[in-house]
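Presented below is the structure to which this report refers.
Number of protein chains: 2
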Amino acid sequence: MDLTKFNTTKNRFDIINGEEAKLIDNINDSLMWGAMQHLRMAGFKWVEVPTLTKITGACENVDTLYHVNHFGQEAYLAQTGQLYLEAKIPLHEKLWTIIVSSRAEDRPDSRHLNQFQLIELEHKGALKDILMNIEGTVKAMIKQALLEHKDALESLGRLDELKRWVKEPFARITYTQAVELLKGTEHEIEWGDDLSSAQEQYLVKKKGNKPLFISHFPKAIKFFNMKGNLKDDKVVNSADLIMPYSGESTGAAERENDYEKLVERLKQSNMFRMLSKRGKTVEDFRDYLEMVRKNPILHSGCGIGFSRISQSVLGTSDIRTTTNYPIQCDVLY
Amino acid sequence: MDLTKFNTTKNRFDIINGEEAKLIDNINDSLMWGAMQHLRMAGFKWVEVPTLTKITGACENVDTLYHVNHFGQEAYLAQTGQLYLEAKIPLHEKLWTIIVSSRAEDRPDSRHLNQFQLIELEHKGALKDILMNIEGTVKAMIKQALLEHKDALESLGRLDELKRWVKEPFARITYTQAVELLKGTEHEIEWGDDLSSAQEQYLVKKKGNKPLFISHFPKAIKFFNMKGNLKDDKVVNSADLIMPYSGESTGAAERENDYEKLVERLKQSNMFRMLSKRGKTVEDFRDYLEMVRKNPILHSGCGIGFSRISQSVLGTSDIRTTTNYPIQCDVLY
Numbered sequence: 004m005d006l007t008k009f010n011t012t013k014n015r016f017d018i019i020n021g022e023e024a025k026l027i028d029n030i031n032d033s034l035m036w037g038a039m040q041h042l043r044m045a046g047f048k049w050v051e052v053p054t055l056t057k058i059t060g061a062c063e064n065v066d067t068l069y070h071v072n073h074f075g076q077e078a079y080l081a082q083t084g085q086l087y088l089e090a091k092i093p094l095h096e097k098l099w100t101i102i103v104s105s106r107a108e109d110r111p112d113s114r115h116l117n118q119f120q121l122i123e124l125e126h127k128g129a130l131k132d133i134l135m136n137i138e139g140t141v142k143a144m145i146k147q148a149l150l151e152h153k154d155a156l157e158s159l160g161r162l163d164e165l166k167r168w169v170k171e172p173f174a175r176i177t178y179t180q181a182v183e184l185l186k187g188t189e190h191e192i193e194w195g196d197d198l199s200s201a202q203e204q205y206l207v208k209k210k211g212n213k214p215l216f217i218s219h220f221p222k223a224i225k226f227f228n229m230k231g232n233l234k235d236d237k238v239v240n241s242a243d244l245i246m247p248y249s250g251e252s253t254g255a256a257e258r259e260n261d262y263e264k265l266v267e268r269l270k271q272s273n274m275f276r277m278l279s280k281r282g283k284t285v286e287d288f289r290d291y292l293e294m295v296r297k298n299p300i301l302h303s304g305c306g307i308g309f310s311r312i313s314q315s316v317l318g319t320s321d322i323r324t325t326t327n328y329p330i331q332c333d334v335l336y
Numbered sequence: 004m005d006l007t008k009f010n011t012t013k014n015r016f017d018i019i020n021g022e023e024a025k026l027i028d029n030i031n032d033s034l035m036w037g038a039m040q041h042l043r044m045a046g047f048k049w050v051e052v053p054t055l056t057k058i059t060g061a062c063e064n065v066d067t068l069y070h071v072n073h074f075g076q077e078a079y080l081a082q083t084g085q086l087y088l089e090a091k092i093p094l095h096e097k098l099w100t101i102i103v104s105s106r107a108e109d110r111p112d113s114r115h116l117n118q119f120q121l122i123e124l125e126h127k128g129a130l131k132d133i134l135m136n137i138e139g140t141v142k143a144m145i146k147q148a149l150l151e152h153k154d155a156l157e158s159l160g161r162l163d164e165l166k167r168w169v170k171e172p173f174a175r176i177t178y179t180q181a182v183e184l185l186k187g188t189e190h191e192i193e194w195g196d197d198l199s200s201a202q203e204q205y206l207v208k209k210k211g212n213k214p215l216f217i218s219h220f221p222k223a224i225k226f227f228n229m230k231g232n233l234k235d236d237k238v239v240n241s242a243d244l245i246m247p248y249s250g251e252s253t254g255a256a257e258r259e260n261d262y263e264k265l266v267e268r269l270k271q272s273n274m275f276r277m278l279s280k281r282g283k284t285v286e287d288f289r290d291y292l293e294m295v296r297k298n299p300i301l302h303s304g305c306g307i308g309f310s311r312i313s314q315s316v317l318g319t320s321d322i323r324t325t326t327n328y329p330i331q332c333d334v335l336y
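If you read the sequences in order, they're chains D and A.
Just so you know, we're using the numbering used here here: the first sequence kicks off at 4 and counts up by one.
Just so you know, we're using the numbering used here here: the second sequence kicks off at 4 and counts up by one.
Structure, rendered in structure tokens:
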């Protein structure tokens with residue numbers, strides 16, 4: 004079956020009731036149920052987080068925030084519920100939530116949606132624990148799709164590859180190893196640069212054409228509360244999950260639980276520099292910082308971008324194939 | 004256990020990690036899982052709907068829309084995904100989704116949140132079918148809480164009542180019967196008036212102190228696409244589920260599937276009168292109307308307000324007890 008007619012936001016109401024749409028809906032339903040069921044069985048508690056927030060609902064790139072007037076207060080559409088989940092860590096071992104993450108990206112392309120379902124996990128424990136839980140969750144999603152829609156996946160030519168992904172362990176390299184692997188190729192980068200999606204896909208191919216964790220990124224290019232590595236001060240205990248076809252699908256990290264370091268990191272972060280220009284101060288993060296000061300518990304978490312997983316399972320080149328109503332800057336429904 | 008300290012939005016970060024918060028989180032986790040599990044087992048497919056929308060994301064009261072600038076286009080935070088779920092009815096028997104419903108209410112009170120989790124169902128079939136599915140879903144939610152948190156519910160004094168609610172059928176009356184029941188009491192209303200929450204709770208008490216469906220409301224006070232009753236032209240095939248303590252928790256209806264009638268109803272609706280003043284026309288509903296014209300399939304649906312169910316299970320007088328981060332006009336997190 005050919006899904007290329009979904010590689011656009013145009014004329015959506017003409018195509019969302021065809022056979023291709025049914026296949027996509029069915030796969031998504033299985034993927035979502037696979038995640039929900041797995042997280043419950045693994046002991047994660049669902050909690051609600053706010054999605055109309057103060058600045059603490061932002062990811063690194065605060066330029067892509069949607070602004071909302073909340074009765075005279077400046078509010079934003081949340082990009083992540085991470086800090087609100089973290090604020091509940093003193094009370095629970097493992098938490099999850101699902102939000103619509105909003106990113107006001109002004110370039111409509113095949114890789115980014117302005118809104119997407121984000122499954123967020125947070126639990127007590129270290130990076131290795133959250134990576135195990137991400138791998139478990141993504142595999143549970145794919146297994147559910149294989150279980151319920153084998154024929155559909157076969158019609159897309161996806162069966163053999165997906166079976167292999169759930170059987171084999173996901174590949175793992177560090178960011179520093181990634182830089183080494185790219186050396187001497189057309190994708191060469193300098194240590195400290197962020198990875199482009201072309202570079203990510205090159206690495207995926209090099210490491211077995213399956214989901215790939217890249218860990219221990221340079222501190223400077225990552226979110227302020229990612230915990231620094233004790234052996235190598237330049238990197239943080241973080242990892243991105245790179246999926247074949249769709250690229251970065253999950254960002255994960257240990258959270259800095261040393262209050263003094265956390266405040267220092269916040270002040271030095273790129274995000275904070277951008278926020279300072281808009282009049283924001285450390286006070287805007289006070290509730291979160293206080294929680295860490297009072298409860299310096301080692302914890303880790305992640306956000307799994309549902310559409311990136313879906314795209315990878317479908318094996319398409321365009322993220323707009325993954326949802327009936329893909330929101331980009333030039334369209335609304 | 005006493006939950007009254009949650010009857011406010013003040014100082015939330017001081018109370019969300021106490022024992023009372025743990026109890027509330029646990030109950031909510033069970034309620035949510037009860038719903039997710041039940042809907043999957045009952046054959047409902049999860050699909051994603053947009054929550055940053057055109058005017059077709061609005062409920063009746065368009066004055067309570069949050070406005071968002073979407074790259075020069077006027078967008079709104081969705082109040083319901085109903086029309087987007089309905090647009091998928093030609094393809095599927097039964098659909099569900101969960102969204103954050105946004106209502107820009109400017110009065111902070113004990114009954115309304117500006118954002119809340121809304122579980123939406125839509126399926127082929129009539130009003131009686133959707134009522135059966137609502138009752139099944141709400142009972143599954145409560146059963147899951149009883150199964151997993153019996154002691155906690157006992158500590159709130161909720162055990163006996165909740166056991167009775169899941170055992171007995173929900174009560175059912177028509178709107179016209181409700182008007183009769185209120186006659187001669189301090190709650191008396193005229194036929195055609197909407198019911199206040201005090202009137203709803205009076206009716207709940209009269210009908211056995213358990214969840215109560217009130218059906219067949221006057222056409223004039225309900226959403227434009229609720230299907231008219233064939234025997235009585237003045238009412239629509241709709242029902243609200245009134246829960247003890249929290250009130251209206253679910254709105255449900257058959258959807259008008261006669262294209263001509265639907266367009267007529269839209270034009271005559273209060274909502275449309277309000278929208279006309281803002282320059283909106285029938286064209287803004289074109290995609291939805293075309294779907295009905297091409298696929299005049301009888302279908303029905305509902306939206307279950309999660310926090311209203313939670314409040315009723317907890318047995319509290321204040322909806323702010325049901326969530327860690329209750330959003331109202333005077334607060335953000």
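The C-beta atom is built at its ideal place from N, Cα and C for all residues, glycine as well.
Computed from a predicted model, the values in this text were never measured in an experiment.
### Message
Could you check whether the Cβ of Leu317 (chain D) sits closer than 9 Å to any Cβ belonging to chain A?
### Response
Chain A, which has no Cβ nearer than 9 Å to the Cβ of Leu317 (chain D), makes this no.
### Message
In the DSSP output, what is Pro329 (chain A) paired with across the bridge?
### Response
For Pro329 (chain A), which the question treats as bridged, DSSP gives no partner whatsoever.
### Message
Can you find the residues in the same chain that come closer than 8 Å, C-beta to C-beta, to Leu185 (chain D), ignoring five residues on each side of it along the sequence?
### Response
Glu191, Ile192, Gln202, Tyr205 and Leu206
### Task
Classify Lys59 (chain D) as helix, strand or coil using the three-state DSSP reduction.
Looking at the sequence provided, one finds Thr at residue 59 (chain D) rather than Lys. If DSSP states are grouped into helix, strand and coil, Thr59 (chain D) belongs with the helices.
### Closest Cα partner of Trp168 (chain D) within the set D:Val141, D:Ser158 and D:Val182
D:Val141
### Task
List the residues of chain A whose Cβ lies closer than 8 Å to the Cβ of Tyr262 (chain D), in chain order.
Result: empty, since nearest Cβ-Cβ is about 15 Å, beyond 8 Å.
### Message
So Ile322 (chain A) contacts chain D; which residues on that side make the cut at Cβ distance below 7 Å?
### Response
In chain order: nothing, as chain D lies at least about 13 Å away.
### Task
Starting from the Cα of Ala174 (chain D), find the closest Cα among D:Lys210, D:Arg43, D:Thr11 and D:Met4 and give me that residue.
D:Lys210
### Message
Below 8 Å on C-beta distance, what does Tyr87 (chain A) contact in chain D?
### Response
Within 8 Å Cβ-Cβ: Asn327, Tyr328 and Tyr336.
### Message
From the DSSP secondary-structure annotation, give me the bridge partner or partners of Asn72 (chain D).
### Response
D:Glu77
### Query
For Ala90 (chain D) versus Asn20 (chain A), is the C-beta spacing smaller than 9 Å?
yes
### Paired residues, beta bridge with Lys48 (chain D) - DSSP
D:Leu98
### Query
Which word fits Thr1 (chain A), buried or exposed, when buried means at least 16 other C-beta atoms lie within 10 angstroms of its C-beta?
With chain A covering only 4 through 336, there is no way to say anything about residue 1 (chain A).
### Which of helix, strand or coil DSSP assigns to Val238 (chain A)
strand
### Chain-ordered chain A contacts of Lys25 (chain D) [CB-CB under 9 Å]
Leu94 and His95
### Query
Do the region 48–55 of chain A and the region 7–16 of chain A touch if we need at least three Cβ pairs shorter than 8 Å?
no
### Task
For Thr100 (chain A), count neighbouring C-beta atoms within 10 Å of its own C-beta (all shown protein chains included) and say buried if the count is 16 or more, exposed if not.
Answer is buried; the Cβ neighbour count reaches 16.
### Query
DSSP on Gly128 (chain D), reduced to helix/strand/coil?
coil
### Task
Given a cut-off of 9 Å, decide if Gly160 (chain D) and Pro247 (chain D) are closer than it, judged by their beta-carbon atoms.
Judged by their CB atoms, Pro247 (chain D) and Gly160 (chain D) are not nearer to each other than the 9 Å cut-off.
### Query
Mind checking if Asp112 (chain D) is an interface residue toward chain A, Cβ cutoff 9 Å exclusive?
no
### Query
Would a C-beta distance cut-off of 9 Å place Ala38 (chain A) and His73 (chain D) closer than the cut-off?
no
### Query
Mind pulling the chain A residues with CB within less than 7 Å of Ser252 (chain D)?
By Cβ distance, chain A contributes nothing, its closest Cβ being about 16 Å from Ser252 (chain D), past 7 Å.
### Query
Can you find a CB in chain A that lies within less than 9 Å of the CB of Ile245 (chain D)?
No, because no Cβ of chain A sits closer than 9 Å to the Cβ of Ile245 (chain D).
### Message
Here's the rule: buried if 16 or more other CB atoms are within 10 angstroms of the residue's CB, otherwise exposed. What is Asp321 (chain A)?
### Response
buried
#### Entry: Residue range of the alpha helix (DSSP H) that includes Arg268 (chain A)
Going by DSSP, Arg268 (chain A) is part of the alpha helix (DSSP H) stretching over Tyr262 to Gln271.
### Query
Would DSSP call Ala38 (chain A) helix, strand or coil?
helix
### Message
If distances are taken between C-alpha atoms only, which option among D:Met4, D:Tyr291, D:Gly306 and D:Asp333 comes closest to Glu138 (chain D)?
### Response
D:Gly306
### Query
For Thr326 (chain D), which option in A:His70, A:Tyr87, A:Ala143 and A:Arg323 has the closest C-alpha, if you only look at C-alpha atoms?
Among A:His70, A:Tyr87, A:Ala143 and A:Arg323, the Cα nearest to that of Thr326 (chain D) belongs to A:Tyr87.
#### Entry: Neighbouring residues, chain D, relative to Leu305 (chain A) (Cβ below 9 Å)
Residue identity differs from the one stated: residue 305 (chain A) is Cys in this sequence, not Leu. What Cys305 (chain A) touches in chain D: nothing, since even the nearest Cβ is about 19 Å away.
### Message
Quick check on Asp236 (chain A): buried or exposed, where buried means 16 or more other Cβ atoms within 10 Å of its Cβ?
### Response
exposed
### Query
Checking contacts by CB at 9 Å: is Ser265 (chain A) closer than that to chain D?
Per the sequence shown, the amino acid found at residue 265 (chain A) is Leu instead of Ser. It does not; no Cβ of chain D falls within 9 Å.
#### Entry: Near-chain D residues of the region 97–127 of chain A (beta-carbon distance less than 9 Å), N- to C-terminal order
Within the region 97–127 of chain A, the qualifying residues are Leu98, Ile101, Ile102, Val103, Ser105, Ala107, Asp109, Asn117, Gln118, Phe119 and Gln120.
### Query
For Ala181 (chain D), does the count of other Cβ atoms within 10 angstroms reach 16, so buried, or fall short, so exposed?
buried
### Task
Along the alpha helix (DSSP H) that carries Thr179 (chain A), what are the first and last residues, could you check?
Run containing Thr179 (chain A): Tyr178 to Leu185, per the alpha helix (DSSP H) assignment.
### Task
Establish whether the CB of Pro53 (chain A) and some CB of chain D are separated by less than 9 Å.
Output row for Pro53 (chain A): interface = yes.
### Message
Along the region 53–76 of chain A, where does the CB come closer than 7 Å to a CB of chain D? Name the residues.
### Response
Pro53, Thr54, Leu55, Thr56, Lys57, Tyr69, Val71, His73, Phe74 and Gln76
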